[in-house]
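Report on the structure given below.
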Amino acid sequence: MNMERITRTNWLYFLLIISLALLILFLLGKVGVFFIGAFEIAKKVLTPFFFALIIAYLLNPIVTFLMRRHFPRSLAILLIYTLFFLFLLFLIVNAGPILIREYKELSAKFPELVGTYRDWIGYMRIRQAQTPFSLHGGLTAGIQQIEIAMTNYVNGLFTGVDSWLEKILFVLLVPFIVFYMLKDMKPMQKGMLLLVPKRHRPTVRRMLHDIDTALGQYIRGQLIVCVAVGALAYAGYFFVGLPYAIVFASFVAITNIIPYIGPVFGAAPAVLFALTISWKMALYALIVNAVIQVLEGNIVSPMIVGRSLHMHPLLIILSVMIGGEIAGIAGLILAVPIVASLKVVIQHIIIHTIRRSECPEEG
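So in UniProt numbering the end of the sequence shown lands on 363, straight run, no missing numbers.
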């Protein structure tokens, strides 16, 4: 097969994915009024299954390893669950009280933070009055935009999008779904292949293997990177004397799973809170996050994850933006794995097309 021709078609992946994304958005815009209710219901129903699928995907290699050591599959899954809940209990007993205490203190201090924030906006308006009249319009618009953006961000941060009932239901459902996915992983895989015509099954099997190779290292590595970034954030915040370091560091670790824009979301609460203390503390918080991103981008991620997906940064950013627009927080997290899988599928389609054009008898 002419590998040069395959290399020359790399640009096509980018164009195809952009075209598909734009087409989907266009269609959603046209029929959105019609299907918005159904889409919201489907999103709420399918989100636990998506997260359960990712968790099952992460745990399946461990289950396979235990089965090679002569553990029955169900017993291997129960052992993993037992170890996980013991580890969770250890974290709750040791780190839980600190995290809960800091979160309660931060929540109690929230009205004071709002007052400080309003004082800061008032100070900005006073400073505006001392500027030349020609600049008033631009400064007024800028202050209003900052006020609206910060208010929306803080409200979203503390109130959340979903109700607590939905969150509790989500937490209770996912472990059960993961258990049955792990238990029936092999039958599910065989069932999927049965839907494919027999002559195409070897190709589909290779494609699924390539998707597994592309995503496996990325997802597992990304989780390790999140933990490492959270630890670095806690150390940095603790060093500069920022209160509630463990709460802000936990938020940094969670949001870091979103490529490129996640660190911005993660740094914002710490920096906004630091502004209520002093400009100096806000600068320290910014420096801590900047240093973390330099370390993460140049040392931590290359060592742990590497360039496992071989995706251009622009494609990753576009995927995250479209995913967030379509499915909110779940879309931000799942966008890159989904697009990476689509990339592998398109890659196989192109290779298959080139093979058929060069060797018609194989088609």
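All residues carry an ideal CB built from backbone N, CA and C; glycine is no exception.
Original post:
Pairing CB atoms from the segment 284-294 with CB atoms from the segment 203-216, are three or more of them under 8 Å?
Top reply: no
Rounded distance between the beta-carbons of A245 and F238, thought under 8 Å:
Here residue 238 corresponds to residue number 238 of the sequence shown, with the count starting at 1. Here residue 245 corresponds to residue number 245 of the sequence shown, with the count starting at 1. Rounded, the Cβ-Cβ distance is 5 Å, consistent with contact.
Where I338 falls: helix, strand or coil (DSSP)
The count along the sequence shown starts at 1 and reaches residue 338 at position 338. In the structure shown, I338 sits in a helix (DSSP, three-state: H, G or I).
Handout entry: When P269, L215, L88 and T64 are compared against V339, the one with the closest alpha-carbon
Key = The sequence position of residue 339 within the sequence shown is 339, counting from 1. With distances taken between Cα atoms, V339 lies closest to L215.
**Asked** Can you give the Cα-Cα distance for T159 and K44, rounded to whole angstroms?
**Response** By 1-based counting over the sequence shown, the position of residue 159 is 159. By 1-based counting over the sequence shown, the position of residue 44 is 44. For T159, the pLDDT reaches just 49, beneath the cut-off of 50, and the residue's location in the model is therefore unreliable, leaving the point undetermined.
Reducing DSSP to helix, strand and coil, say where V196 ends up.
In the sequence shown, the residue the question calls residue 196 occupies position 196. Per DSSP, reduced to three states, the secondary structure at V196 is coil, with no helix or strand assignment.
Inset, instruction - Give the straight-line distance between the Cα atoms of F51 and L193, rounded to the nearest whole angstrom. - result: Stepping through the sequence shown from its first residue, residue 51 is reached at position 51. Stepping through the sequence shown from its first residue, residue 193 is reached at position 193. Distance between the alpha carbons of F51 and L193: 23 Å.
Query raised in the report: How is H348 classed by DSSP in three states: helix, strand or coil?
Result: Walking along the sequence shown from the start, residue 348 turns up at place 348. DSSP places H348 in helix when its eight states are reduced to three.
Report yes if the C-beta distance between A267 and A274 is below 8 Å; otherwise report no. Residue 267 sits at position 267 when you count from the first residue of the sequence shown. Residue 274 sits at position 274 when you count from the first residue of the sequence shown. No, Cβ-Cβ distance for A267 and A274 is not below 8 Å.
Check: Buried or exposed: which applies to P72, given that a residue is buried once 16 or more other Cβ atoms fall within 10 Å of its Cβ?
Finding: Locating residue 72 in the sequence shown gives position 72, counting from the first residue. Within a 10 Å sphere around the beta-carbon of P72 sit fewer than 16 other beta-carbons, which makes this residue exposed.
query: How close, in whole Å, do the beta carbons of I224 and P259 come, if the pair is a contact with beta carbons under 8 Å?
result: Here residue 224 refers to the residue found at position 224 when the sequence shown is read from its first residue. Here residue 259 refers to the residue found at position 259 when the sequence shown is read from its first residue. Not really, about 15 Å apart at Cβ, beyond 8 Å.
C-alpha distance - V300 paired with Y234, whole-angstrom precision:
By 1-based counting over the sequence shown, the position of residue 300 is 300. By 1-based counting over the sequence shown, the position of residue 234 is 234. Distance between the alpha carbons of V300 and Y234: 16 Å.
Distance, Cα to Cα, G262 vs K190? Position 262 of the sequence shown, counting from 1, holds the residue named residue 262. Position 190 of the sequence shown, counting from 1, holds the residue named residue 190. Distance between the alpha carbons of G262 and K190 is about 37 Å.
Can you say whether P269 is buried or exposed, counting buried as having 16 or more other CB atoms within 10 angstroms of its CB?
Working through the sequence shown from its first residue, we reach residue 269 at position 269. So P269 ends up on the buried side.
If you count every other CB in all the chains shown that lies within 10 Å of the CB of I92, and 16 or more means buried, which is it? As a working mapping, residue 92 is identified with position 92 in the sequence shown. By the neighbour-count rule (16 or more Cβ atoms within 10 Å), I92 is not buried but exposed.
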